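Residue numbers (the working numbering): 348 to 643. One structure is given below, encoded as structure tokens.
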Ligand SMILES: [Zn+2]
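Have a look at this one:
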């Protein structure tokens with residue numbers, strides 16, 4: 348049920364949330380069986396307070412905060428049957444709300460053949476991007492990096508963005524935090540200069556190195572999203588990421604149902620970003636990247 352309209356001052360003409368997770372119905376109705384089937388799912392979702400959102404909750408959240416469109420994706424299950432089923436649920440949701448839901452397909456990377464088949468299948472069937480891809484269980488090992496490159500190669504032929512889960516290589520540990528070797532990450536991005544990458548969670552801070560010209564060249568088509576950052580950084584991170592030449596390449600992403608827009612706006616208010624910069628982050632940058640029009 349739609350809740351009361353929310354009254355925070357939002358300047359942005361268009362708000363796009365570029366990071367929302369949706370699970371398939373049988374996971375939504377009882378997650379317990381799946382905790383035993385996937386270690387990463389268990390690590391992230393065994394605490395009952397780790398919420399899972401239904402399609403109607405996602406739409407209610409979007410309505411409440413005047414979010415026009417959202418990029419929605421599932422979970423990178425290890426079991427191909429589960430990631431296919433999750434992608435099907437995302438696509439079905441998008442087909443019911445085509446003007447609001449932008450479907451991305453996600454998948455586990457430890458079975459190379461199954462992963463490539465799924466990237467091809469999903470992009471053929473109308474997904475608008477790949478991700479959020481993650482290597483929760485094995486980390487950035489050689490085999491997973493190879494599979495990732497194979498998947499990005501297919502995505503590049505469909506000219507769609509690829510979103511990667513990237514954590515900061517230092518600091519406190521938390522469920523879902525994966526050590527990412529920035530050299531390996533940069534090598535993968537560098538292999539595909541025409542692909543638009545979206546690095547979730549502000550790319551683990553990798554944007555800092557874009558002050559180095561050779562790294563700026565590799566990251567020229569790379570975006571970062573804000574997902575979960577209020578749990579990680581203080582609000583100065585937004586000034587810093589925007590001013591380190593990323594004003595056009597920072598995307599608002601909530602990681603809903605983990606957090607919602609309200610929490611990010613509170614952080615944005617504490618920052619020194621101009622209204623124009625906030626509008627870019629909240630929607631304009633995603634509109635450009637995803638080639639959206641406000642009437643779409
Ligand atoms: Zn993530």
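All C-beta atoms in this analysis are idealised placements derived from N, C-alpha and C, irrespective of residue type, glycine included. Only a predicted model underlies this, so the values are computations on that prediction, with no experimental measurement involved.
Classify residue i: buried if its beta carbon has 16 or more other beta carbons within 10 angstroms, exposed otherwise.
i           : result
residue 494 : buried
residue 517 : exposed
residue 592 : exposed
residue 633 : buried
residue 578 : exposed
residue 521 : exposed
residue 640 : exposed
residue 450 : buried
residue 423 : buried
residue 559 : exposed
residue 547 : buried
residue 530 : exposed
residue 490 : exposed
residue 478 : buried
residue 519 : exposed
residue 472 : exposed
residue 581 : exposed
residue 508 : buried
residue 613 : exposed
residue 469 : buried
residue 377 : exposed
residue 465 : buried
residue 351 : Any reading at residue 351 needs caution, since the residue's pLDDT is 45, under 50, leaving its predicted position unreliable; the model's value is listed next. The residue in question, residue 351, is exposed, as its Cβ has fewer than 16 Cβ neighbours within 10 Å.
Leaving out five residues on either side along the sequence, give the residues of the same chain with a beta carbon under 7 Å from the beta carbon of residue i.
i           : result
residue 486 : 525 and 526
residue 619 : 586
residue 536 : 544, 565, 566 and 569
residue 416 : 363, 447, 449 and 639
residue 584 : 549 and 576
residue 514 : 524, 525, 527, 548 and 551
residue 595 : 627 and 632
residue 475 : 449, 450, 451, 507 and 637
residue 432 : 371
residue 554 : 571, 588, 591 and 593
residue 492 : 531 and 535
residue 381 : 374 and 388
residue 503 : 539, 541 and 542
residue 606 : 575 and 577
Excluding the five sequence neighbours on either side, which residues of its own chain have a C-beta within less than 6 Å of the C-beta of residue i, listed in chain order?
i           : result
residue 406 : none
residue 602 : 366, 574 and 575
residue 625 : 615
residue 562 : 556
residue 610 : 577
residue 418 : 365, 449 and 451
residue 462 : 454, 456, 494 and 498
residue 375 : 399 and 401
residue 385 : 424 and 425
residue 604 : 398 and 400
residue 505 : 470
Per DSSP, residue i is paired with what?
i           : result
residue 603 : 367
residue 406 : BP columns for residue 406 are empty, so no partner.
residue 598 : 572
residue 509 : 477 and 544
residue 449 : 418
In chain order, what residues of the same chain lie with their CB nearer than 8 Å to the CB of residue i, ignoring the 5 residues before and after it?
i           : result
residue 436 : 369, 370, 371, 372 and 421
residue 500 : 539
residue 383 : 389
residue 635 : 595
residue 480 : 423, 453, 454, 456, 495, 498, 509, 510, 511 and 512
residue 488 : 482
residue 414 : 362, 363, 364, 408 and 608
From the beta carbon of residue i, is the nearest beta carbon of chain D less than 8 Å away?
i           : result
residue 421 : No chain D appears in the structure shown, which is made up of a single protein chain.
Please find out if some non-hydrogen atom of ligand 2 comes closer than 7 Å to the beta-carbon of residue i.
i           : result
residue 481 : Ligand 2 is absent from the structure shown, which contains only ligand 1.
Three or more C-beta pairs closer than 8 Å, one from the stretch 391-404 and one from the stretch 585-598: is that the case here? Flag = no, the stretch 391-404 and the stretch 585-598 do not touch.
Do the stretch 453-464 and the stretch 397-414 meet, that is, are 3 or more Cβ pairs less than 8 Å apart? The answer is no - the stretch 397-414 does not touch the stretch 453-464, with fewer than three Cβ pairs under 8 Å.
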